[in-house]
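**Q**
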Amino acid sequence: MKRHITGNVSWIGYIDWELKQFHGDDYAIQHGSSQNAYVVEEEKTVLIDTVWAPHKEEYLDNLAREIDLSKADAVIANHGEPDHSSGLPDLMERLPEGTPIYCTANGVRSLKGQYGDRGWNFQVVKTGDRLDVGNGKELIFVEMRMLHWPDSMATYLTGDNILFSMDAFGQHYAVEELFADRADEGILLGEAMKYYANILNPFSPLVKAKLKEIGTLDLPFAMIAPSHGAIWRDHPEQIIDLYAKWSDDFQEDQVTIVYDTMWGGTEKLAHALSVAVSEASPDTKVKVFNINKTDKNTIATEIFRSKAVAVGSPTVGQDILSGMTGFLAFIRQLKFKKKKAGVFGTYGWSGESVAVLSRLLTDSGFTVVGDPVKVNWFPHQEALDELPALAQAMLA
Ligand code: FEO
0 MKRHITGNVS WIGYIDWELK QFHGDDYAIQ HGSSQNAYVV EEEKTVLIDT
50 VWAPHKEEYL DNLAREIDLS KADAVIANHG EPDHSSGLPD LMERLPEGTP
100 IYCTANGVRS LKGQYGDRGW NFQVVKTGDR LDVGNGKELI FVEMRMLHWP
150 DSMATYLTGD NILFSMDAFG QHYAVEELFA DRADEGILLG EAMKYYANIL
200 NPFSPLVKAK LKEIGTLDLP FAMIAPSHGA IWRDHPEQII DLYAKWSDDF
250 QEDQVTIVYD TMWGGTEKLA HALSVAVSEA SPDTKVKVFN INKTDKNTIA
300 TEIFRSKAVA VGSPTVGQDI LSGMTGFLAF IRQLKFKKKK AGVFGTYGWS
350 GESVAVLSRL LTDSGFTVVG DPVKVNWFPH QEALDELPAL AQAMLA
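Here it is in structure tokens:
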């Protein structure tokens with residue numbers, strides 16, 4: 000069923016309470032998610048985005064019950080990623096032949112690339128282009144290139160002043176009541192930050208530039224309606240303000256310690272370092288994660304909000320544990336900036352892990368500080384006594 004948002008605008012998407020993984024298995028979901036599609040019913044009926052293929056039948060049945068599909072005038076495809084577009088081929092089968100699909104030039108590439116050339120009537124748009132929907136209202140298109148795909152776009156409805164922002168400003172969070180002001184605020188803001196850290200952070204310079212550009216358009220926002228999670232209705236500028244902070248090399252007074260361990264030596268160092276940081280700076284938040292016990296997206300979010308990280312691994316095969324190699328490859332993708340890093344690890348024979356960690360962290364944009372804490376066999380008191388100096392270097 001469609002659900003009224005405001006004016007002649009409705010939500011018609013899928014709230015996915017059961018979702019546990021997104022982007023294949025690359026993004027761990029803790030609080031469900033949604034695929035938000037919308038319908039604008041002015042003199043023209045316009046469908047904005049669709050849902051992921053596993054839910055397309057429900058979406059299409061709901062849509063067909065609610066509106067006369069033979070009278071639909073246009074489709075807006077803000078983004079070609081399958082969570083929003085894989086309902087499109089079946090939708091187009093049910094719409095009048097030649098119904099225009101408004102998208103960016105890259106949107107044509109991604110939609111044709113995924114679904115083949117089906118002879119769809121693509122109408123390529125760029126920032127500032129407008130579509131008259133009647134009753135004195137227009138849709139204004141805003142390219143959102145690399146936020147987070149080259150084809151990404153947002154669409155603004157005048158009169159009701161809604162920005163259909165696509166992935167930007169979204170959260171993987173199932174909110175039955177649809178609106179951010181009805182959601183659990185702690186989860187909402189945590190999921191919004193997690194979404195930013197894990198999906199948008201690599202493009203932070205573009206986020207900053209886009210926020211500036213959107214500001215120059217001088218559009219009032221009554222609502223920001225993303226394609227995942229809750230719609231921002233009460234002070235929608237709050238999420239714009241958060242994005243402005245998050246895109247500006249965000250950090251809090253936090254140190255995050257991540258480690259992998261074989262026989263507990265590196266684990267002991269991690270926990271002892273946590274105490275050392277806390278003793279040196281009682282106001283600093285300190286968090287410790289074994290990379291095998293917490294999903295990587297949650298840990299990445301904690302790194303995002305940290306001013307410094309410490310990373311530990313024992314030496315194995317003259318290298319680090321392979322789980323840590325994979326974790327740091329993921330962290331590298333996120334392009335964190337202006338964060339310090341300390342390294343630590345235990346070894347039995349050759350002891351390369353701290354050098355490998357230093358190299359990987361430097362390559363990922365961290366500034367490695369302090370002397371590595373490199374412990375032969377197991378950390379006894381003498382080794383633990385080295386940790387305060389590492390803590391100080393990270394806090395400096
Ligand atoms: Fe929610 Fe980039 O798709």
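Residues 0 to 395 in numbering that gives the first Met the number 0 are what the sequence shown spells out, letter by letter.
Ideal Cβ placement from N, Cα and C applies to all residues, glycine included.
#1: Cβ of K306 less than 8 Å from any chain B Cβ?
#2: Measuring CA to CA, which of F326, E42 and G31 is closest to G6?
#3: So, for A27: in the same chain, excluding its five sequence neighbours on each side, which residues have a beta-carbon less than 6 Å away from its beta-carbon?
#4: State the Cα-Cα distance for the pair L268 and P371, rounded to the nearest angstrom.
#5: Once DSSP output is grouped into helix, strand and coil, what is the label at R117?
#6: Over what stretch of residues does the alpha helix (DSSP H) that includes H270 continue unbroken?
#7: What ranges does the alpha helix (DSSP H) occupy inside the segment 49-111, keeping only unbroken runs of at least 4 residues that lie completely in it?
#8: So who's on the other strand from N289, going by DSSP bridges?
#9: I think S226 touches D166, with their Cβ atoms under 8 Å apart; what is that distance to the nearest whole Å?
#10: When a residue counts only if its C-beta is closer than 5 Å to some heavy atom of ligand 1, which residues count, in chain order?
#11: May I ask which residues mark the beginning and end of the beta strand (DSSP E) holding V368?
#12: Which one or two residues does DSSP pair with E142 in a beta bridge?
#13: Within the continuous beta strand (DSSP E) that includes L356, where are the two ends?
#14: Going by the beta-carbon positions, is the gap between S84 and L110 smaller than 8 Å?
#15: Checking 8 Å against the spacing of the C-beta atoms, do L177 and R2 come in under that value?
#16: Please state if the CB of S32 and the CB of H234 are separated by a distance shorter than 8 Å.
#17: Between which residues of its own chain and M91 is the CB-CB distance below 8 Å, once the five residues before and five after are set aside?
#18: Start and end of the beta strand (DSSP E) containing T5?
#19: Just tell me which of L59, K334 and T49 has its CA closest to the CA of S363.
#20: Could you give the DSSP three-state label for Y172: helix, strand or coil?
#21: Apart from the five residues on each side of it in sequence, which residues of its chain come closer than 6 Å, Cβ to Cβ, to A309?
#22: Please list, in chain order, all residues of the same chain as S248 whose beta carbon is under 7 Å from its beta carbon, the five residues on each side excluded.
#23: What three-state label does DSSP hand S321 in the structure shown?
#24: For A179, which of G106, Q237 and D82 has the nearest alpha-carbon?
#25: Leaving out the 5 sequence neighbours to the left and right, which residues in its chain are closer than 7 Å to A390 when beta-carbon positions are compared?
#26: Relative to the C-alpha of N152, which candidate in A307, I47 and E251 has its C-alpha closest?
#27: Would you say H147 and I230 are within 8 Å of each other, going by their C-beta atoms?
#28: Just mark G115 as buried or exposed, buried being the case when its beta carbon has 16 or more other beta carbons within 10 Å.
#29: Report all residues from its chain with a CB closer than 7 Å to the CB of T314; omit the five preceding and five following residues, and keep chain order.
#30: Measuring straight from C-alpha to C-alpha, what distance separates M222 and L162?
#31: For V287 and E56, I'd like the C-alpha separation in whole angstroms.
#32: Using C-beta distances below 8 Å, list every residue in its chain close to P81, excluding the 5 sequence neighbours before and after it, in chain order.
#33: State the DSSP-derived secondary structure class of Q253, mapped to helix, strand or coil.
#34: Roughly how many whole angstroms lie between the Cα atoms of F365 and K339?
#35: In chain order, what residues of the same chain have a beta carbon less than 8 Å from the beta carbon of A243, not counting five sequence neighbours either side?
**A** Answer, in terms of the structure:
#1: In the structure shown, chain B does not exist; there is a single protein chain.
#2: E42
#3: D294 and N296
#4: 12 Å
#5: coil
#6: G264 to A279
#7: 55-65, 81-84 and 87-93
#8: Y258
#9: 6 Å
#10: E80, D82 and D166
#11: Looking at the DSSP string, V368 is not in any beta strand (DSSP E), and its letter there is neither H nor E.
#12: M152
#13: L356 -> not in any beta strand (DSSP E); alpha helix (DSSP H) instead, spanning S352 to D362.
#14: yes
#15: yes
#16: no
#17: V74, T98, I100, R117 and W119
#18: R2 to T5
#19: K334
#20: coil
#21: I256, L272 and G341
#22: Reading off the sequence, residue 248 comes out as Asp, not Ser. Hits under 7 Å: K336 and K337.
#23: helix
#24: Q237
#25: L272, A275, V276 and A279
#26: Note on residue identity: the sequence assigns Met, not Asn, to residue 152. Among A307, I47 and E251, the Cα nearest to that of M152 is on I47.
#27: no
#28: exposed
#29: G344, Y346, S349, G350, E351 and S352
#30: 6 Å
#31: 44 Å
#32: W51, A52 and Q113
#33: strand
#34: 6 Å
#35: K207 and L210
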